[in-house]
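Beneath this line is the structure, given in structure tokens, with notes to follow.
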Amino acid sequence: EDCLAINVFRPAERPANVLLPVVVWIYGSGFQSGSPQPYNGTAIVRRSIELGTPIIFMSMSHRL
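Quick note: the sequence shown, position 54, residue 54 per UniProt numbering, numbers continuous.
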């Protein structure tokens, strides 16, 4: 459906063949629906790089 989306944020300076841990953010939203729009993973990925453990951050919309 057009209303379901996944956002993926990853470090730009990492080669594509380097494996990184993935954090998947699923907003609970009172058991009705969820939207990834308020959750921009850029700051989280940037902070993970600063800490020396870069990650890939994913957020998604969903319906119940």
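We put the CB at the ideal spot given by N, CA and C, even for glycine. From a predicted model like this one, the values you see are computed outputs, not experimental measurements.
By DSSP, does residue i sit in helix, in strand, or in coil?
{"i": "residue 45", "result": "helix"}
{"i": "residue 13", "result": "coil"}
Which residue wins for smallest C-alpha separation from residue i, given the options the options?
{"i": "residue 56", "options": "62, 27 and 13", "result": "13"}
{"i": "residue 52", "options": "59, 44 and 9", "result": "44"}
Can you name, in chain order, every residue of its own chain whose Cβ lies under 7 Å from the Cβ of residue i, other than the five neighbours on each side?
{"i": "residue 42", "result": "9"}
{"i": "residue 134", "result": "Here the chain comprises residues numbered 1 to 64, so residue 134 is not present and cannot be evaluated."}
{"i": "residue 11", "result": "45, 49 and 54"}
Using DSSP's beta-bridge definition, name the partner residues of residue i.
{"i": "residue 7", "result": "59"}
{"i": "residue 22", "result": "56"}
Give me, in chain order, the residues of the same chain whose beta-carbon lies closer than 6 Å to that of residue i; leave out the 5 immediate sequence neighbours on both sides.
{"i": "residue 25", "result": "39 and 59"}
Residues in its own chain within less than 8 Å of residue i by CB, not counting five upstream and five downstream?
{"i": "residue 20", "result": "10, 11, 14, 54, 55 and 56"}
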